[in-house]
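Each residue of the sequence shown is one higher than the one before, starting from 565 at the first, in this note's numbering.
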Amino acid sequence: MSTPPLSAEQEALFRLIEDTREHVFVTGRAGTGKSTLLKHLAWNTEKSIAVCAPTGVAALNVEGQTIHSLFRLPIGLIADQELEQSDATRKILNAIDTLVIDEISMVNADLMDGIDRSLRQARGRRAEPFGGVQIVMFGDPYQLAPVPPRGDEMHYIRDHYRSFWFFDAHVWTGTQSALKDAPSLEGFAELGSFGATLHVRELVDIHRQADPAFKAMLNAVRHGRVTADIAQILNDTGARTPPDPVDGETPIITLATRNDIVNAINRRHLDALPGRTQTANAEISGDFGRGDAAYPADVELQLKVGAQVMFLRNDVSTFGEPPRWVNGTIGTVTRITGATVKVEVEHREFDVEPAVWERFRYSYNAGTRTLSRDVVAEFTQFPLRLAWAVTIHKSQGKTYERAVVDLGSGAFAPGQTYVALSRLTSLDGLYLSRPLRPSDIRVDPDVQRFMAGVVRAPAAS
Ligand SMILES: Nc1ncnc2c1ncn2[C@@H]1O[C@H](COP(=O)(O)OP(=O)(O)OP(=O)(O)O)[C@@H](O)[C@H]1O
Ligand SMILES: [Mg+2]
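In structure tokens, the structure reads:
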């Protein structure tokens, strides 16, 4: 995996993680290079690290393991359940210096405390937060929120936590804002003496967009401070019909709120194309988890010549040359044979072969006394998906030059409109299927409260 050379602030954060044992939450606006720094860290650290993420697909993206499988935690609420740990799990958790968690905004407070308790127990260091392991987390809470708990789980979280966000976990008693009139700390008073301090470090420089005016507009959307002027510029710019695709030019993708809308758009366009639909079936070996959410691509990928597709992986097959495509690149299918799919990207045609996604699991090697990372399951499929439309959720982390933002009956999640708009490299690429409404701009009040209260330091301090 190649990454651009780190900027000064990314480098400073890399050093902070390498040279100290502080628990760090690396955050920053969309496009500030959080994912880039995580990849650099995974490849260049000298510490014994384990990389994990809350969902299967997020774990695949960072070549890590899901939190639940790494810690062998029960699904659902953990609360004060007894944690069963096998010898193998204990050995793995004992070999870690640093635990890296990506997409931390999707981790809830109960799971964060479960990670803490699990590490204390496995390492036999019950009085130390995380059993002495350094925690490094990446994410932007203004983008993705945890899946809200339901029913009894919701009641439990409400009774025990200030909010379901990871930053309100009891373990973070050392973080200034977490202590302020938190209703739930009484039962955990003893934690106060050995809770952990969360150091929030913010990357400031945006690499995805260059235009200062557009950056300022995105920032206003992020914080729910869209003025009438900003709304008017966005709506006036976006109010135009996307041009018909010109041969060889990058087609335009639609970012929509819901799965059913996305599927309907893709289905309609696929049906409208002449020719035969061909289906590529994924090969799955080992335990890859179940359900569409566990899979990184379609199990049955339906394609036709002329179909608009998006790459789901970075190109890795060119040595010493720039990659032909990256995760998110859009192109058009020009030919389908059994073994390859030809895809045209900006007037160039590439042979695309099936890619293998590897599900990793950490294990402890007693001989070398180190962690090793083993492949336990594989998913093989063309790294493509139909891309007349994708959900805003699945567009997370991606970059587009042009896109139609279709908020349909309205953004339903905090941060959704911010994620959609911040995928664009410039305002010139914005098309809106309808004007933005004030109700589309939603900011989670718990995120606002936390981010306003933390002692923030720029990355380079
Ligand atoms: N130091 C750098 N120099 C040049 N380009 C960079 C640098 N860091 C990141 N980029 C580029 O900027 C873009 C955004 O970076 P990245 O995806 O890491 O940001 P992010 O903070 O993870 O964004 P998001 O919040 O949207 O996931 C990418 O195209 C990446 O290659
Ligand atoms: Mg990212």
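For every residue, glycine included, the Cβ atom is placed at its ideal position computed from N, Cα and C.
Query                                                                                                                    : Result
Helix, strand or coil at Y982 [DSSP, three-state]                                                                        : helix
CB of P819 within 9 Å of CB of S959, strictly                                                                            : Position check: residue 819 holds Leu in this sequence, whereas Pro was assumed. Result yes, Cβ atoms of L819 and S959 sit closer than 9 Å.
Any non-hydrogen atom of ligand 2 closer than 8 Å to Q960 Cβ                                                             : yes
Unbroken alpha helix (DSSP H) run spanning K906, endpoints                                                               : Here K906 belongs to no alpha helix (DSSP H); instead the beta strand (DSSP E) covers 905 to 909.
Ligand 2 heavy atom lying under 8 Å from the CB of S599                                                                  : yes
4 or more residues per run - each alpha helix (DSSP H) lying fully within the region 798 to 884                          : 823 to 836
For V626, three-class secondary structure by DSSP                                                                        : coil
Local Cβ density within 10 Å of W607, reported as buried at 16 or more and exposed below that                            : exposed
Cut-off 7 Å between Cβ atoms - residues of its own chain near F728, not counting five sequence neighbours on either side : N672, A673, P710, P712, P713, I721
Three-state secondary structure (DSSP) of N891                                                                           : coil
Buried or exposed (CB count within 10 angstroms, at least 16 for buried), N929                                           : exposed
Residue from T630, A594, P815 whose Cα sits closest to the Cα of L985                                                    : A594
Where the beta strand (DSSP E) containing I613 begins and where it ends                                                  : 613 to 617
Coarse secondary structure for I699, derived from DSSP in three states                                                   : strand
Under the three-state DSSP convention, the category P569 falls into                                                      : coil
Secondary structure of S927, DSSP reduced to three states                                                                : strand
CB contact below 9 Å: R636 versus chain B                                                                                : Here there is only one protein chain, and chain B is not present.
Whether L837 touches R949 by CB criterion (9 Å)                                                                          : no
Proximity of L647 and L675 at Cβ, strictly below 9 Å                                                                     : no
Range of the contiguous beta strand (DSSP E) that encloses Y995                                                          : 994 to 996
The region 760 to 779 / the region 572 to 586 touching (three or more Cβ pairs under 8 Å)                                : yes
Any non-hydrogen atom of ligand 1 within 8 Å of H787 CB                                                                  : no
Between the CA atoms of G812 and H911 - distance to the nearest angstrom                                                 : 4 Å
Among D644, H604, A643, G678, the one whose alpha carbon lies nearest that of L634                                       : G678
Opposing strand residues paired with F943 [DSSP bridges]                                                                 : I848, W921
Helix, strand or coil at E913 [DSSP, three-state]                                                                        : strand
Sequence-distant residues of its chain with Cβ nearer than 8 Å to R579 (five each side left out)                         : none
Within 9 Å, strictly: CB atoms of Q945 and A861                                                                          : yes
Three-state secondary structure assigned by DSSP to E717                                                                 : helix
E582 and E610 closer than 9 Å at C-beta                                                                                  : yes
Which of helix, strand or coil DSSP assigns to W952                                                                      : coil
The region 897 to 912 touching the region 932 to 940, judged by at least three CB pairs closer than 8 Å                  : no
Cβ-heavy atom distance, P886 to ligand 1, below 8 Å                                                                      : no
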